[in-house]
Structure formats: C-alpha cells, structure tokens
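Colleague: In the UniProt record's numbering, the protein residues as written are 1 to 315. Pasting a structure below so you can have a look.
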Amino acid sequence: MPTGTTDRRTTTRPALRRARRRDARAALLFLSPWLLGFAIFTAWPVLYSGYLSLTDYDVLNDPSFVGLDNYRELFEDPKVTLALRNTFFYVAVQVPLYVLVSLALALLLNTASRRSAGFFRTVFYLPNMTPPVAVGVLLLLVFNGQNGLINELLGAIGIDGPAWTTDPDWVKPAIILTSLWSTGSSVIILFAALRNVPQELYDAARVDGANAWQRLVRITVPMISPALFFVFVVNTIAAFQTFTEAYTAFFGSGNTTYSNDAALFYAIYLFQQAFEFLNMGYASAMAWVLFVIIMVITAIQLLVSRRLVYLEGDQ
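Printed below as a string of structure tokens:
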C-alpha cells in the first residue's frame, strides 16, 4: 500500500473522531432542555413515587417506612378489586369498539373526494378539542334516563331506553359510548394509512374477482396493520387510565347514588386515595401496580403483533 494513503488515513481518523465528539456535544446541548425537563418532571417523580409506595405518607407529616404493607393492603382492598374489574371491563369493550368505529369512519372518509376529505377530516377531529370535563357533563345530559337525547331517539322508534346514569348495568356502557366522541385523532391516523395503500393492489384484486369485503380483509387491513396496532396500543394505555369523564359525571358533580360503584375506575380510586383521603403512600403503590399492568398488557400486544402486523420489510 502506498505510504501517502496510509498517512492520509492516519490523519483522517482523529479528525473524524473529533468531528463526531463535536456533533455529540452539539446534540446534547440541543437536547438538554428536554433531558432536564424529563429528569425533573418525569424521572424524579416516578422514582420518588416508588419510594413513597413503601411509606405511610399523608402529605402533612414526614413519610414513615412501612415496607410492602401498602401492597399487601392493596391486594386485600375490595374497592381495588371492584375498580380493577370495572377498568378491565371498560378496556375489553371500549378499545375494540373504539378501533372499529375509527376504522369505519376512516374508510368512509377515504371514499370522499380530495376536496371534501379535508372538510370531513376537520369535522371528525373537532370533538377532540372538547375539554374532557365538558364531555363528562355531556354524558349526563345525553344519557339522562328521563329526557336525554339517546332515550328520546330510542323512544321515537318505540324503544323504552334504560336509566343510563343510575342503573349500574348501564353506567359503563354509557361511558363507553361517550368515549367514542373523541375518535377523531385515530380516524386521522388510519385515514393517512389508507391513503398509502397502493391502488395497484386493489386493481389486481378486482381483476381476480375479489369483492369489497375480501379486499378489505385481504388488502386493506394487512396493509394498514401497523397503524391499527399503534391505535390499539395507545388507546389501550389511555383506557386503563380513564378518569376525567367518569369522575366528572359520577363523582365530581355531587352524584352520590349507587351508580358510583359501577363507574369506579382504577384511576378514580387512585385519585381519591391520593387527594381526598391523603393516603399518598397507598396511592403510590396503586400507581405502580397500574404501571406494571399496563407494561404487561403492552408487552403481550407487542408479542402478538409479530404475527399480526405486516411490515414492508418483512419477507
């Protein structure tokens, strides 16, 4: 090998290393505001809540270490069992329904012309701008058993509507139906995925005689499965933490009827322990149990996605 080439490589490598270190320092400098905010407002509170979960802490007095007593008490608390049962029922019903409605609206939007699609995207997304507290009030108004809009519509076709907000059997269905008010963001995500499905696949399927249902199942769903999976995971995490609408409708409005137990979700009971009863240590233990539940469910979804989600790089 010529000597000149070796010398150039020898002098170039230190220069490259210096350039990379300089780029790394610049990147860290630009990232530092976010890193500082994450450390102060996310990482430290999470770690400190882990410590508090091992203490008896009422905000007014210093924390006293109690070990795993909070966790033992948590698993013996019938209210925790009730809240978990309500939450798992809500997640099991709400998330698939939410995704199906979002997909149906996205498919409907995909059939619109390019000009009208922009208008309807805005229409579908606008409900997401409604404050969650207002949605909770809307729940009480729309699902009122006496003169609510839903029962008025059911009465118009001869159906006697249930007492949505007072009958324990109908409280959670009312909350689930209300949650469909905010499908707009998922509709936009799925609509963008639909726009990226190659039209040639549909043309080839039509030539082969595939009907609309077969094209949906064999082409559309597999091609947008990454977006569907994202929507499913994100909304599963959100459903486990559902709070504002149910709390506003059944706890924050002075409602003290028996229907409260039917609307007692895990996040609501956690909030009550922390800010109504000032059991911060117990609430921290509840928060960590919820964190573990969400992590396990998400890990299962990721494992299942390897079989169900199609990626273009897959062979």
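Glycine is no exception: its CB is placed at the ideal position from the N, C-alpha and C atoms. Just so you know, these numbers come straight off a predicted model, no measurement behind them.
(1) Exposed or buried, what is M129 when buried is set at 16 or more other beta-carbons lying within 10 Å of its beta-carbon?
(2) Would you kindly work out how many angstroms separate the C-alpha atoms of L177 and W164, rounded to a whole number?
(3) From this set, F277, A249, F275 and L278, which residue's C-alpha is nearest L264's C-alpha?
(4) Is the region 115 to 127 in contact with the region 177 to 186, if contact means three or more CB pairs nearer than 8 Å?
(5) Between residue 323 and L290, what straight-line distance do the alpha-carbon atoms span, to the nearest angstrom?
(6) Give me, in chain order, the residues of the same chain whose beta-carbon lies closer than 7 Å to that of W170; leave out the 5 immediate sequence neighbours on both sides.
(7) Relative to the C-alpha of M223, which candidate in V234, F243 and Q199 has its C-alpha closest?
(8) Do you know how far the Cα of A246 is from the Cα of G136?
(9) I need the DSSP call for D56, collapsed to helix, strand or coil.
(10) Are the region 269 to 289 and the region 45 to 55 touching by the rule of at least three beta carbon pairs closer than 8 Å?
(11) What would DSSP say about T256, mapped onto helix, strand or coil?
(12) Let's test the definition: count the other Cβ atoms within 10 Å of the Cβ of M295 and tell me whether it reaches 16, buried, or not, exposed.
(13) CB residue 323 to CB F191, shorter than 8 Å?
(14) Beta-carbon within less than 7 Å of L82's beta-carbon, same chain only, minus the 5 sequence neighbours each way: which residues are those?
(15) Closest to I293 by C-alpha separation, out of W34, R20 and F88, would be which residue?
(16) Decide if W288 is buried, meaning its Cβ has at least 16 other Cβ atoms within 10 Å, or exposed.
(17) Let me make sure I understand the geometry here. Which of T242, L278, F277 and M280 has the alpha-carbon closest to that of I268?
(18) By the three-class DSSP mapping on this structure, what secondary structure does S64 have?
(19) Which same chain residues end up closer than 7 Å to T257 when comparing Cβ atoms and leaving out the 5 residues on each side of it in sequence?
(20) Can you list, in chain order, the residues of its chain with a C-beta nearer than 8 Å to that of Q214? Leave out the 5 residues immediately preceding and following it.
(21) Assign T242 to one of three DSSP states: helix, strand, or coil.
(22) Rounded to a whole number of angstroms, what is the C-alpha to C-alpha distance between I297 and L28?
(23) Specify, as a first and last residue, the run of the alpha helix (DSSP H) that I224 falls within.
Modeller: Let's see:
(1) exposed
(2) 11 Å
(3) A249
(4) yes
(5) Within the shown structure, residues of the chain are numbered from 1 to 315, placing residue 323 beyond reach of any answer.
(6) P162, A163 and W164
(7) Q199
(8) 6 Å
(9) strand
(10) yes
(11) Since pLDDT at T256 reaches only 49, below the 50 mark, its modelled position is unreliable, and no value is offered.
(12) exposed
(13) Summary: the structure shown does not reach residue 323, with the chain confined to residues 1 through 315, and so no result is reported for it.
(14) D261 and L264
(15) F88
(16) buried
(17) T242
(18) strand
(19) Confidence is the limiting factor: at T257 the pLDDT is only 47, short of 50, which leaves the residue's position unreliable, though a coordinate-based value still follows. Answer for T257: T166, listed in chain order.
(20) A205
(21) coil
(22) 33 Å
(23) Run containing I224: none; DSSP gives neither H nor E here.
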